[in-house]
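Sequential numbering of the sequence shown, starting at 1, is according to the UniProt record's numbering. C-beta atoms are modelled at their ideal positions from N, C-alpha and C, and glycine is treated no differently. Quantities reported herein were computed from a predicted structural model and do not represent experimental measurements.
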Amino acid sequence: MLNRFCKLWPQTALLVRRSYRPRFQSYVTEVVHDKTAIKAISTKTLDQSTTTTTKSANIPEQASTDDTNSSILEDADKWSWYNKQKQDSRTITPEEFIDTGVYIIKSRTSSTMTVARLQALLRDVNIQIQTTQDPELVKAFLKICNMLLSAYVRTKNIKDAKLVFDGLIASPFWEGNEEITTVSVVTLMYGILENGTRSDFYKFINSVSKQNKLPCTERVYRELLYILNQYRDVNACRHYFKIMKDKGLLVHEPPYKPMFQALTIENNSEEALELLQEMKEKGIQPTTGVCCMVLRMLHDNKKNSKENKKRMEQVYQEMLDSGVELNVTVYISMGWDPLDALAELKKRSSAPISSRDYNTCLSRLIRTNRIQDALQLYRNMIKEGAAIDQYAYSMIMDAAAKDNDQPPEAVYEMYEEMKQQGLQLDEVAYTIVLGACAKEKNLTRAIRYIEEMIHYGIHPNQKNMNAFLAVVATSSSTSFNPRKLRDIWLALVSMGLQPDTRSFNVYFSALYKQMQLWKARGRSYYASESQEDNYGNPTRGPCRYMVMGYRAMKERGPSSRPDFATYTILIKGLACGGFTRLAMQIYEDAKNERVYLDVTAFNELIMALDKKGDLSDIMSIWYDMKLLNVPPDNTTYDLVMDTCEKLGLHETFLNIRSQRKNDFDRLWNKSNK
């Protein structure tokens, strides 16, 4: 009922979720440890509300639900105020239109309601423009259009965003408002980058350019170059950089930076030096970041290495002469070891080494898998009394979590240090500590960290959800049953988290593991004849939750599309539970999607079919394995040969036995791994 209520009344539903969130601590604890877990959430559907990203709070501060609710109600009152002004036939000023639009876009209503309100606002502005012809109203109209564009992009609705944009460039308001239309172009460019294809982006840019509607501003071309960098299209970067030069937009350093980044893709040090010289001739002082890119290209270019080394020294000397600020990245770009670079910087600088320089060294060491060196640097930082920020802690915690020589307790200790230092905890830190919990299969500690997140007002994100579910899936605890697993899942989803493919896979794994734990104790979750409804669907237990989750995956879209792990887990789980028909349906779906399945999935399915007596289906699966080039193992051969004997397929039996003899070496090697 909660999900249906949320869909019908998004604003009130948000209040429900906000008031529900502080109770998550007691709820999860009860779900996991209490045998009579509350059934607060309907299991009929999964909540599909839009995820709202919130900034993490500082540790000493605890998020106030009442304050959040007041903020939401205040926004609702402002929208009511706007409607009252309309009813009173009061003339609304351009500033009030813009302010109302800002309230709409910031309010935590559903995406559908946000779009509907912005569209209503645009209609009202347009009507007032027709009567007053106020140029300020035109600007207000364009700004609210940008808000609508942003709303569509946030919900990944690029199709409707393009319709809004096409209407904008066709309107008489486009010309003469370059500052505002620049925002329109940049918003849609990044929307297509994140949610469209490369061809979509080029089609959009070419269309706007042909219509001569591309605003002649430095920001448009600069952001265009950055996006072309994402597509690694250096020639296109050169083309638009030349246009910038012809239009006289290259008057300071920022537009040069993306062009240098493009040249690093080709490692074109010659062109980079020419560009650097051009900046100097124009009196534009290169920043440290630009110089580092040039130094890196010269170092990585193995042709004319002696000449490049001289050029590198020349660029470095010019940096010293110009008085530009040096940092550890300068020396790393020249090929220095990170620790040597840090030591050199300490010699040359009288000021304390910044947190950013330490973080750069830590990041470099961790990326090159020098975990022990990174941990030693961290210890030296503590001895020297260096300032360690949250990013350094997050990096070193992550390194310790991934190092098999480091126990999970090392990660927990660093987490406690962060709290003692009064540093701001965020979702990244909790993802790491939850990963450490999964490493030692410590479900109790993982629940405590989720409780702390809620206590500090940090809204769990997608990675937190996956990390917590991974702990649940790996835990060997039998203190909770599949129903409680389902309640934990719904509690997470009810907080606005949108499960992705990994989330579903971990959830399915946890359910399947519970079935395996029962099986290891000589029992079966579906000990009696499998409980099915009139349509063959399970009426209870883990198999029911698997089927419900699978259907939700297919409805949610690309971010939760089933993959090979999904199909493998579902086939094994449903086959283990005795729901052979459903397992076969999942298997057919996998074939239609051309998903490669592991041999263990085929074996589990064949064993289930053998129990049901569906021997002809076993032979069909055997021939599918041959067509799909899935190499059988000894279990597969035993099952299929036994089926041939039962069906009296003597010739097929001999052929399979001959194939098994020829396959002896591979099977022997596999069994001895």
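Asked                                                                                                                       : Found
Buried versus exposed call for H459 [16 or more other C-beta atoms within 10 Å across all chains shown]                     : buried
Cut-off 6 Å between Cβ atoms - residues of its own chain near V234, not counting five sequence neighbours on either side    : A262, I265 and E266
Reference S394; option with closest CA among Y378, G385, D405 and L345                                                      : Y378
Ranges of the alpha helix (DSSP H) found wholly within the region 154-182, counting only runs of at least 4                 : 158-170
P499, DSSP secondary structure in three states                                                                              : coil
Classification of I382 by the beta-carbon crowding that lies within 10 angstroms, buried from 16 upward                     : exposed
Ranges of the alpha helix (DSSP H) found wholly within the UniProt repeat "PPR" (598-632), counting only runs of at least 4 : 599-612 and 615-627
Exposure label - N146; buried when at least 16 CB within 10 Å                                                               : buried
Where P538 sits in the DSSP three-state scheme                                                                              : strand
Opening and closing residue of the alpha helix (DSSP H) in which H455 lies                                                  : L443 to H455
Outcome for S305 when other beta-carbon atoms lying within 10 angstroms are tallied against a minimum of 16                 : exposed
Burial state of A170, where buried means 16 or more other Cβ atoms lie within 10 Å                                          : exposed
For Y567, the nearest candidate out of V324, R556, V595 and S658 (CA to CA)                                                 : V595
Buried/exposed call for residue 675, threshold 16 Cβ in 10 Å                                                                : This structure leaves residue 675 out entirely; the chain is present only between 1 and 673.
Reference V102, options P135, V330 and I144, closest by Cα                                                                  : I144
Span of the alpha helix (DSSP H), counted from its first residue to its last, around T132                                   : S111 to T132
Alpha carbon of V472 to alpha carbon of R367, nearest angstrom                                                              : 29 Å
Buried/exposed call for W668, threshold 16 Cβ in 10 Å                                                                       : exposed
Own chain, CB closer than 7 Å to residue 678, minus 5 neighbours either side, in chain order                                : What is shown of the chain runs 1 to 673, which leaves residue 678 out entirely.
W81, enclosing alpha helix (DSSP H) - first and last residue                                                                : T65 to Q87
Whole-angstrom distance between L425 and D77, CA atom to CA atom                                                            : 33 Å
Same chain, Cβ closer than 8 Å to A470, neighbours up to 5 away in sequence not counted                                     : L434, G435, A438 and V506
C145 in three-state terms, based on DSSP                                                                                    : helix
Buried/exposed call for E223, threshold 16 Cβ in 10 Å                                                                       : buried
Three-state secondary structure (DSSP) of L667                                                                              : helix
Contact belief for I432 with D398 at Cβ below 8 Å, rounded distance in angstroms                                            : 5 Å
Within 7 Å, strictly: CB atoms of S503 and M465                                                                             : yes
Inter-residue Cα distance where the pair is D598 and V630                                                                   : 8 Å
Extent of the continuous alpha helix (DSSP H) run through L647                                                              : N634 to L647
Bounding residues of the alpha helix (DSSP H) (the contiguous stretch that carries K402)                                    : Q390 to K402
CA nearest to the CA of E427, picked from F468, E413 and M279                                                               : F468
Buried or exposed by the 16-neighbour rule on C-beta atoms within 10 Å, applied to R356                                     : exposed
C-beta atoms of T100 and Y82 nearer than 7 Å                                                                                : yes
C-beta contact flag for A608 and T580 at 7 Å                                                                                : yes
Residue range of the unbroken alpha helix (DSSP H) whose run includes T287                                                  : Neither: T287 is in no alpha helix (DSSP H) and is coded neither H nor E.
Interface flag, H650 vs chain B, CB-CB below 7 Å                                                                            : Reference to chain B is not applicable here, since this structure consists of a single protein chain.
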